[in-house]
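First up is the structure itself, then whatever we jot down about it.
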Amino acid sequence: MGRARRAFYWVPAAVAAAVAAWATLGRPGALRLTDLGVYVGAVEGLRHGASLYDFVSAGNAPFTYPPFAGLMFLPLADVSVPLLQCLWTLGTLVTVVLVAQMVARETALPAPALAFVLILSAPISSNFKYGQVSVFLAAMVTADVLLMRGRRAHGVLIGVAAAIKLTPLIFIPMLWLAGRRRAAVTAAATFTTCGAVAALALPGDSWRFWTTEISHVSRLGYITSVGNQSLNGVLMRFDISATDRSLLVIVVGGGIALLALVQAGRVARRGDWLSAVAITGSASVILSPVSWTHHQVWLVFAALLPLRGRIRGYWVALVLAVMLLPVTALGPPVWSNIRFLLAVAVTTVVPFLPTSPDRRYDLGLGSLGVTLRSMGRGVRRLTQVAPRARVAAFPDGGSRQSTRNTPNAALPDSGSRQSRR
Numbered sequence: 001m002g003r004a005r006r007a008f009y010w011v012p013a014a015v016a017a018a019v020a021a022w023a024t025l026g027r028p029g030a031l032r033l034t035d036l037g038v039y040v041g042a043v044e045g046l047r048h049g050a051s052l053y054d055f056v057s058a059g060n061a062p063f064t065y066p067p068f069a070g071l072m073f074l075p076l077a078d079v080s081v082p083l084l085q086c087l088w089t090l091g092t093l094v095t096v097v098l099v100a101q102m103v104a105r106e107t108a109l110p111a112p113a114l115a116f117v118l119i120l121s122a123p124i125s126s127n128f129k130y131g132q133v134s135v136f137l138a139a140m141v142t143a144d145v146l147l148m149r150g151r152r153a154h155g156v157l158i159g160v161a162a163a164i165k166l167t168p169l170i171f172i173p174m175l176w177l178a179g180r181r182r183a184a185v186t187a188a189a190t191f192t193t194c195g196a197v198a199a200l201a202l203p204g205d206s207w208r209f210w211t212t213e214i215s216h217v218s219r220l221g222y223i224t225s226v227g228n229q230s231l232n233g234v235l236m237r238f239d240i241s242a243t244d245r246s247l248l249v250i251v252v253g254g255g256i257a258l259l260a261l262v263q264a265g266r267v268a269r270r271g272d273w274l275s276a277v278a279i280t281g282s283a284s285v286i287l288s289p290v291s292w293t294h295h296q297v298w299l300v301f302a303a304l305l306p307l308r309g310r311i312r313g314y315w316v317a318l319v320l321a322v323m324l325l326p327v328t329a330l331g332p333p334v335w336s337n338i339r340f341l342l343a344v345a346v347t348t349v350v351p352f353l354p355t356s357p358d359r360r361y362d363l364g365l366g367s368l369g370v371t372l373r374s375m376g377r378g379v380r381r382l383t384q385v386a387p388r389a390r391v392a393a394f395p396d397g398g399s400r401q402s403t404r405n406t407p408n409a410a411l412p413d414s415g416s417r418q419s420r421r
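In full-length UniProt numbering, the protein residues as written are 1 to 421.
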């Protein structure tokens with residue numbers, strides 16, 4: 001009965017996953033997993049002697065990743081498109097569940113509830129919709145930080161992820177400031193090695209990327225749209241000139257990133273690595289030239305920052321509302337930049353607020369924990385033959401006894417995004 005009951009708690013997440021998969025694979029062919037189509041099209045061209053960076057999809061989307069990513073994507077061209085789309089969608093689902101399991105280990109919140117919220121969030125919805133690689137890279141970074149601590153390979157996954165897409169590079173200085181200097185060196189060495197492998201295999205594309213393509217931000221899509229929640233995107237929407245925009249990104253964005261890295265290192269040294277991941281990832285959203293919806297998984301993690309007192313409940317509600325609703329539903333001009341403002345709060349305000357010393361048990365006292373416990377009581381009434389004594393979900397100072405709850409959340413719209421990378 002216990003095993004069946006535990007499986008029952010995964011039903012809401014399974015239903016959400018089925019709906020996400022149906023919505024993804026049920027789209028018209030030309031609109032289905034379009035970013036995955038870019039990966040495949042670019043490597044197919046590579047196999048026929050073309051450059052990765054010559055490819056442009058029917059939707060005017062080019063290949064914008066480092067050449068090492070092209071090497072990693074080569075096997076995709078060997079799979080039929082319908083099968084590949086199904087496998088990619090399944091892989092996305094499995095990855096979300098694995099991320100939920102990793103986060104559950106750190107917080108004592110139930111993995112089914114975390115998976116449910118993640119699947120409904122705008123960033124994961126966007127990953128499904130476009131067939132994006134971002135969720136896999138986020139999982140690699142999360143696994144490296146949360147699971148590989150103290151192991152020789154600590155830092156390898158971050159290095160590989162950064163070689164596929166440059167954004168995870170920001171986690172290397174976080175490791176250094178957190179006192180994990182060997183891991184930081186390992187990550188940097190792995191990134192360099194992957195780049196060297198790509199340079200040997202694709203010398204022309206490597207030269208072209210590092211000398212030309214890396215600075216062509218315009219290739220990244222319609223970057224003035226509200227889907228881009230980076231500082232650069234916000235300034236573009238306010239019609240700031242290119243010169244002033246570059247200066248502000250360097251000074252303001254760089255300052256925020258530096259502050260975030262220092263604070264992430266501080267909380268990591270206290271043992272709160274999940275908060276360090278959320279703060280550092282939020283800084284990457286601000287500092288990156290383009291931060292599309294599918295890049296913003298780290299902002300969902302921000303709901304789990306262990307704030308103390310009543311503010312925690314309000315914070316959880318705010319983060320979930322912002323990350324479950326599309327930014328296009330909030331109206332211009334300020335509220336359409338709400339996720340950027342959330343990232344700024346995560347990096348510059350929240351780290352200075354009072355926090356709980358024990359994240360595993362104190363998190364359950366916020367509004368998220370209340371929701372989970374309420375849902376859990378309802379589930380127990382459905383699955384138990386006879387009433388039993390009510391057990392608190394997260395008893396203070398003790399082991400987790402009941403973590404089989406499911407949150408209530410509204411289905412999001414992943415937001416509009418035209419040509420994006």
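Yeah, the Cβ is synthetic: ideal placement off N, Cα and C, and Gly gets one too.
DSSP on residue i, reduced to helix/strand/coil?
i	result
residue 422	Because the chain spans 1 through 421 in this model, residue 422 falls outside it and cannot be assessed.
V379	Any reading at V379 must be qualified, since the residue scores a pLDDT of 41, below 50, and its modelled position is unreliable; no value is offered.
T224	coil
T212	coil
V56	strand
G109	It should be pointed out that residue 109 corresponds to Leu in this sequence rather than to Gly. If DSSP states are grouped into helix, strand and coil, L109 belongs with coil.
L307	strand
Could you tell me if residue i is buried or exposed, where buried requires 16 or more neighbouring beta carbons within 10 angstroms of its beta carbon?
i	result
W207	exposed
R167	According to the sequence displayed, residue 167 carries Thr and not Arg. Buried.
Y314	exposed
T190	buried
H48	exposed
D244	exposed
D205	buried
G309	exposed
T107	buried
Select from the options the residue whose C-alpha is nearest the C-alpha of residue i.
i	options	result
T280	W210, F301 and V290	F301
A260	E106, L146 and S284	S284
V234	I286, A13, Q132 and I256	I286
F238	V319, L299, N337 and G195	N337
V15	H154, I311 and L93	L93
V322	F191, A343, N232 and H154	A343
F8	S275, P112 and L25	P112
R32	L137, M102, R151 and Q132	Q132
G253	L341, I214 and P203	L341
S57	L220, R149, G2 and A196	L220
L52	N60, T64 and G59	T64
R149	P354, A18, A187 and P306	A187
Q152	R269, I250, A183 and R310	A small fix is needed here, since residue 152 is Arg in this sequence, not Gln. Comparing Cα positions, the closest option is A183.
W210	F68, L274, W10 and A50	F68
I158	C194, V262 and Y130	C194
V96	A20, G41 and G179	A20
residue 422	A50, G255, V249 and V226	The structure shown has nothing for residue 422, since the chain only spans 1 to 421.
A162	L304, A139 and R105	A139
S134	A17, L320, I172 and D35	D35
R269	A303, S275 and G179	G179
Does any residue of chain D have a CB that is nearer than 9 angstroms to the CB of residue i?
i	result
T95	Looking at the structure shown, chain D is missing, and only one protein chain is on hand.
**OP:** Would you check if there are 3 or more beta carbon pairs closer than 8 angstroms linking the stretch 122-130 to the stretch 145-153?
**Re:** no
Original post:
Is it true that the stretch 75-88 meets the stretch 109-118, where meeting means three or more beta-carbon pairs spaced less than 8 angstroms apart?
Top reply: no
Original post:
Which parts of the stretch 128-204 are runs of the alpha helix (DSSP H), unbroken and 4 residues or longer, counting only runs that do not cross its ends?
Top reply: 134-147, 156-164, 171-177 and 181-201
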